[in-house]
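In our numbering, the protein residues as written are 137 to 989.
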């Protein structure tokens, strides 16, 4: 239901929102028409007060003589200094006749006011879009949509702690990009909610007869004989009474009419509006305002016989029930004058903010569109076939199993090389691969990574359980395997080896020997490329390589755990000179640097100056710069006597370090949460030391973003359970931020650290999300705050019943943090609570995802 409401809210927002923005601007402008025209026309709109005004009969006589026309309607302020208005009989086929300003003390016409036609056009835009009846239908529909915006918007942002006013009404000015636009849209929308509902309801009184009639029946008084009931009590005794219906004035006794008005209104008469009937025999109507009226629309109504002035009905504002008074005051409610000048200003400001919601809504929409384009672009320009057979013959099946996204990237590069050679391809995750896919394929390439010590990636667990142990016949399948792993583990490329062994047992024929890649080894990847080239008969255009590193500026370094007994943890901010995009859950690869002091210490005794020129990858730089990116061995005996260039060539480049991204692009910076690694000798780890201490704020850091599709948000808006410890909060924080932007609030975070007093990273932010309802539940485990240590897996075990309820609602579990301690403990707890099969099912369904290290 929430997803449907969001889609409808969004669709109307980028369509009807433009009309509502125009209506808001024109309505705000028109609401101060009197003040603006008065300022522009001090001579035309004001008169010199005298002892008394002309009688009604004298006014009619003088005005009809000057205009040589018949009077249809008057609007007069008694004993005031303003001009009065008269409307004459309209020409055939026209809705209204000519309107003239006149001096009620002399009966002389005054010149037309400057700006009068402009405000007439503004009102026409506001009510009809300057398009007549068609425009009225559009504005009426958009007024109904405004009611929907208010109610659906309220539902979509309803926070968990609804009684906390700060959640509803405060705006975080520190936010940037999409997050800031979302805050503008939702927070200001809450501020204006009641006002927009008021504007919509009062506007509907003029839009639809069924609505105004229904409101009259619902809250109005029983009708008085002869009283008009149309949208709140007729025209106001001010310049807005331009909608008078054309009349044909019968013979009238204006002396008797004026006598009746005076007797009915009494000495407190302030202004009156006289409408003559359309045909002989019909009654005349007078709307009059008293000096004691609570607002300019507290109108009283007289119905009388124009021939003799006989009173037929007198409906007083003060005699009406509260509901009927509101109906009469509809215009005053719509403009805010019901509450005086303060109300008018509030309504005007809210109306002027209408375009804000249209603009921010479009910005949010365009941002979603851009993200979808980037996701498609991330797959490259490979055009895969939708079935096993393309127009050029059977498609090559390319299956991948990735834990951190690298295998997926290589799978798409493999597909691109085959396609450039004219071969049709079909790229597929192993998790989605079926027995039929394998049986129908003639040629298949598998790009698979190994997780931990020989395990299949989480996404391929189901494939291994369902297919790898089955006695399939794959004698028609030709295949090759590219395995990704890390030789530091005992079972290097263990999953790739099991996959290769099973395919061979099932009768598959190897296209070439399996290729195993140690930590992204470029030589092994080039060998894979060459083998593919021999298969297709084409030479690779260029060796594959990862995206180039770019220089980012270290813009922020905030110490998160001052006073902690553990090593220091920092929140880092990095900014790029060019536009950079990533998804929540992605990683970065950082090229660390040796500290300047370490380079100087290394060069002591070698007899080489740090400013000696050298060449690295075709670039000229100093020896000191080159050594900052090289591994510096403790034993230098084999390096003694080498000149500068030979020294650089003899040293191995530093390996990159991976970090989970802790922010989303809308934050305006790429953020990391990094803990300093301390060696036994007290020195800092290379990567963490470079980022948290040696690199100065404002200095360049070389990094590149790596897609980690296995840790991206679910494709469906399901509840999320996020579990992590320490700096593992980084990856979870980015996911939470992205979920909040999407308006998804079923988020449960379990976070663990040492002490709450010092190690509760990003505490204010997390507590704020909890208060606003963006975080539905927050469970904390601070292990050192009690005698018996408590970890996140203990909190998860204690909340077993709640876990079951969330999983029954389709929740997905995301884990980020240390592999050996936290992740293993959580995995064990989940198996104890859900059983081995239950956890396995979650993995196969993509509802159990890990980014652990």
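Quick reminder that beta carbons are idealized off the backbone N, C-alpha and C, glycines included. A quick note: this is a predicted structure, and the numbers were derived from the prediction, not measured.
CB of residue i within 7 Å of CB of residue j, strictly
| i | j | result |
| --- | --- | --- |
| residue 616 | residue 647 | yes |
| residue 610 | residue 644 | yes |
| residue 607 | residue 537 | no |
| residue 406 | residue 426 | yes |
| residue 810 | residue 861 | no |
| residue 992 | residue 910 | Here the chain comprises residues numbered 137 to 989, so residue 992 is not present and cannot be evaluated. |
| residue 444 | residue 389 | yes |
| residue 258 | residue 156 | no |
| residue 952 | residue 930 | no |
| residue 240 | residue 212 | yes |
| residue 148 | residue 281 | yes |
| residue 292 | residue 879 | yes |
| residue 440 | residue 448 | yes |
| residue 947 | residue 850 | no |
Pick from the options that is closest to residue i, judged by C-alpha positions
| i | options | result |
| --- | --- | --- |
| residue 343 | 333, 273, 404, 308 | 273 |
| residue 843 | 814, 867, 718, 598 | 718 |
| residue 733 | 268, 831, 307 | 831 |
| residue 714 | 740, 766, 685 | 685 |
| residue 694 | 572, 543, 898 | 898 |
| residue 560 | 531, 202, 871 | 531 |
| residue 265 | 158, 827, 412 | 158 |
| residue 320 | 330, 307, 331 | 307 |
| residue 248 | 451, 238, 752 | 238 |
| residue 422 | 442, 428, 431 | 442 |
| residue 564 | 702, 534, 903, 820 | 534 |
| residue 984 | 865, 848, 915, 863 | 848 |
| residue 696 | 962, 487, 865 | 865 |
| residue 336 | 285, 290, 300, 309 | 285 |
| residue 826 | 770, 755, 804, 729 | 729 |
| residue 700 | 742, 689, 890 | 890 |
| residue 857 | 828, 936, 324 | 936 |
Residue i, buried or exposed, once every other Cβ within 10 Å from all chains shown has been counted against 16
| i | result |
| --- | --- |
| residue 859 | buried |
| residue 523 | Because residue 523 sits at a pLDDT of 45, beneath the cut-off of 50, its placement in the model cannot be relied upon, and the point is left open. |
| residue 925 | exposed |
| residue 416 | exposed |
| residue 774 | exposed |
| residue 458 | exposed |
| residue 379 | Here the model assigns residue 379 a pLDDT of 44, short of 50, so the residue's position is not dependable and the matter cannot be decided. |
| residue 776 | exposed |
| residue 664 | buried |
| residue 762 | buried |
| residue 602 | exposed |
| residue 169 | buried |
| residue 144 | exposed |
| residue 779 | exposed |
| residue 373 | With a pLDDT of only 40 at residue 373, under the threshold of 50, the placement of this residue in the model should not be trusted, and no figure is reported. |
| residue 369 | Confidence is the limiting factor: at residue 369 the pLDDT is only 38, short of 50, which leaves the residue's position unreliable and the question unanswerable from this model. |
| residue 137 | exposed |
| residue 613 | buried |
| residue 972 | exposed |
DSSP beta-bridge partners of residue i
| i | result |
| --- | --- |
| residue 949 | 857, 984 |
| residue 220 | 238 |
| residue 712 | 688 |
| residue 836 | 689 |
| residue 617 | 582 |
| residue 137 | In the DSSP output, where bridge partners are listed per residue, residue 137 has none listed. |
| residue 472 | Beta-bridge pairing links residue 472 to no other residue. |
| residue 390 | Its beta-bridge partners do not exist; DSSP assigns none. |
| residue 421 | 411, 439 |
| residue 694 | 707 |
| residue 79 | Since the first and last residues shown for the chain are 137 and 989, residue 79 lies out of range. |
| residue 547 | Paired residue(s): none; residue 547 is not in a bridge. |
| residue 651 | 618 |
| residue 102 | Because the chain is modelled from 137 through 989, residue 102 falls outside the range shown and cannot be assessed. |
Test: residue i CB closer than 7 Å to a CB of chain B
| i | result |
| --- | --- |
| residue 259 | Among the chains of the structure shown, chain B does not appear; only one protein chain is present. |
With contact counted as at least three CB pairs below 8 Å, one residue from each stretch, are the stretch 714-731 and the stretch 746-755 in contact?
no
Should the stretch 622-629 be called in touch with the stretch 657-672, which here means at least 3 C-beta pairs below 8 Å?
no
Would you say the stretch 699-714 touches the stretch 649-669, given that touching needs at least three Cβ pairs under 8 Å?
no
I want to know whether the stretch 493-500 touches the stretch 450-464 - three or more CB-CB distances under 8 Å.
no
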